[in-house]
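Below is one structure; the comments refer to it alone.
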C-alpha cells in the first residue's frame, strides 16, 4: 500500500501540463488541472508520437500556435467526457419545499439555488464507457452531481453536503445515485477515492459515506439501500484502520490509544498540480526529503483542507507541511461517526453481532479522543502532533504535542452524538466557541491565521459552518441553538448578497466582510457550487426565514 503507480496516460498528460506551462507561462489563467483532464481523441501511442514530433526551438520550447493546434487536433475539451443530464426527480417547486421560509425574496432565491441541481447534474459520455483508456475520468454506474467550475468530476466529501441539499430538494433518486457511485469505487479500489479521476487513486478524503447513507435512510426508510451498502462500509472502515492510517499513542497515565491520520499512498508530485508541487519541493536537496514532502502534500489533500497552517510545523512556511505527522481531531470524529453508523445499520438489518462490535469500537475511540485531543483549559479538541511521521513506536503524549492554535476543526466533534449529547460538555464547548475569535461578521472562520492559504483566515467554508451549527442545534441547549441560528443567519445573508452581486454561488466566502467571496490558495475562486448550495438549503430548512426579517449586510 506504499504508493499507487501512475498510469501511462496520467504520466503523459503530466508532461503535456509541463510543456503547456512553459509555453503559456504568461497566461494569468493557467490551471494545471485542465491538462490532466483532457480526453484523448486517438489512442495514447498516436497522441504521444504527435507530441514528440512537434517542432521545437533549440531549448525544447514549443510555440503557442503549435501547442494550441496540437491540443485542438488530438484532444476533446476538459469536461467534454461528461454530458448534461436533466435529473428525473427534479421538479420546479417540490411539495413541502422549505415551508419555514416565509420571506418572498428569500424563497425566490432558494428556488433558484434548488434549480442549480440541474446545472450540476451530469452523466458519463458514452465514449468514457466505450473507451475508458482515453480518459482520466473514472467510469461510474450512475448519474453524478459535480461541485462546479474546475471541479468537473465527483468528489468524496463534497458529496455529503450535496446530498443534504438534494434531500431538502426531495431528490432522493439523485442522492441514492451518488451513494451507488461511491460504493462502486470501494468495490473497485477498496476505498472511496478523493475524486473520480485516475490521478486521485492515491488517496481518499474525509470519510462521510456512512453519514450520507444515514441521512438518506432517515429521509426514505430505504432498508434495501442499507443492506446493499453495509459490506462496502465495513471495507472502508478497514481501509481507514489499516497500518498506514493508524497511530498508537501512550498518554501521561501510561495508557495506550489507537487513533488515525491522513496518509496518502503517494510520494511524487500530485499529477493535477505537478508543476506547482515540483516548484514547492525544489528547496529540498535530497530525494527522500522531497518524497516525504510530496506525501505530506497529498495527505493534506486527503484531509480536504488543502492547504492550511494546520498542517505546517512552522507556519506559514509551506515547505514545513507535515500532514502525516498530525493526528487530526476531525478525521477521528468522522471515524467515530462511521463506527456508530455501522452499528446502527447493522441493528436495522438484524445483525446484532456487528452492531455490538462497532458500538464497542466507537466507545474505545471516544475515550481515546477525550484522552488525546481534549484540552481542559481551552475546552476544545486539539490536533495532536507526532514527533515524527512513522507510527512504529508508540508516541508518548506530552501537553506540548497538542496544536494550541484555534481552528474550526477543533469543534467538529460536537457534530457527533457522544459529544453533543453530553450536556455539560456541550455547554463548555459553546462558551469556548463564542470566545474563540472564529465567529466573524459573516460566519465561522477556518482559522485565525491569515496565511494566504485557502483553509485559513479569512475564509469560511460551507461544510465547517454546517457541522458546527448542526452540532450546536443537536445539543438541545438553548444558548447553543441561538448561537447556531445567529451563525446560520450570517452565512445565509452573505451567500445571498454575493449571489445577487455575482449571479453565482461560490465555493468559499470571506467571513470578515459580509457579501464578499473567498480567495487564496492554488487556484482562482470557483463557482457552482455543490456544497455551498447544499448547506444553504439545509440551513433554510432548519431555521426558515420569517417574512419580516430583512436580508442585508
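Residue numbers (the working numbering): 813 to 1365. Even glycine gets a Cβ: it sits at the ideal position worked out from N, Cα and C.
Residue 1036 holds the alpha-carbon nearest to the alpha-carbon of residue 1025 among 1017, 945 and 1036. Counting only the Cα atoms, residue 872 lies some 59 angstroms from residue 1354. The criterion of a C-beta distance shorter than 7 angstroms is not satisfied by residue 944 and residue 953. DSSP places residue 1069 in the uninterrupted beta strand (DSSP E) bounded by 1068 to 1072. Looking at the DSSP output, residue 1124 sits in a beta bridge with 1133. Residue 1150 is not bridged by DSSP to any residue.
The Cβ-Cβ distance between residue 1265 and residue 1092 does not fall below 7 angstroms. Counting the other Cβ atoms within 10 Å of the Cβ of residue 964 gives 16 or more, which makes it buried.
The DSSP-derived three-state label of residue 1217 is coil. Between residue 927 and residue 957, the CB-CB gap reaches or exceeds 7 angstroms. Around residue 834, the same chain offers 873 as residues with beta carbons nearer than 7 angstroms, after the five sequence neighbours per side are excluded.
Put simply, the segment 1333 to 1345 does not touch the segment 895 to 906. Fewer than three CB pairs are less than 8 angstroms apart. Unbroken beta strand (DSSP E) runs of no fewer than 3 residues, entirely contained in the segment 1021 to 1094, are found at 1058 to 1062 and 1068 to 1072, following chain order. Between the segment 1269 to 1279 and the segment 1310 to 1323 there are three or more inter-stretch CB-CB distances shorter than 8 angstroms, so the stretches are counted as touching. With a 10 Å radius around the Cβ and a threshold of 16 neighbouring Cβ atoms, residue 845 comes out buried. Only residues of its own chain outside the window of five on either side were considered, and among them 1093 and 1096 have a CB closer than 6 angstroms to the CB of residue 1102, listed in chain order. Residue 1136 counts as buried, since at least 16 other C-beta atoms from the protein chains shown sit within 10 angstroms of its C-beta. Counting along the chain, residue 1271 sits inside the beta strand (DSSP E) bounded by residues 1271 to 1273. Contact check for residue 916 against residue 1016 fails: the beta carbons are separated by 7 angstroms or more. For the pair residue 1105 and residue 1260, the Cα-to-Cα distance works out to about 25 angstroms. Rounded to the nearest whole angstrom, the CA to CA distance from residue 984 to residue 1306 is 28 angstroms. It is roughly 16 angstroms from the alpha-carbon of residue 864 to the alpha-carbon of residue 852. DSSP, reduced to helix, strand and coil, places residue 935 within a strand of the structure shown. Checking the DSSP bridge columns, you'll see residue 1320 partnered with 1273. Cβ atoms of residue 986 and residue 870 stay farther apart than 8 angstroms, at about 55 angstroms. Assignment of residue 1339 by DSSP, reduced to helix, strand and coil, places it in the strand class. Nearest to residue 1027 by C-alpha distance, out of 974, 1059 and 1216, is 974. Comparing alpha-carbon positions, the option among 1197, 1246, 1086 and 1154 lying closest to residue 1071 turns out to be 1197. Look at the beta carbons and you see the segment 1079 to 1089 not touching the segment 1215 to 1225: under three pairs across the two are nearer than 8 angstroms.
Residues of the same chain with a CB within less than 7 angstroms of the CB of residue 1249, apart from the 5 flanking positions on each side, are 1218 and 1260 in chain order.
With a beta-carbon spacing of about 4 angstroms, residue 1359 and residue 914 fall inside the 8 angstroms limit used to define contacts. In the displayed model, residue 1005 falls within coil according to three-state DSSP, outside both helix and strand. The beta carbons of residue 1301 and residue 1327 sit no closer together than 7 angstroms.
Just so you know, the alpha carbons of residue 1040 and residue 1258 end up roughly 36 angstroms apart. The Cβ atoms of residue 1167 and residue 1179 lie no closer than 7 angstroms to each other. When the Cα atoms are used, residue 1239 and residue 1247 turn out to be separated by approximately 13 angstroms.
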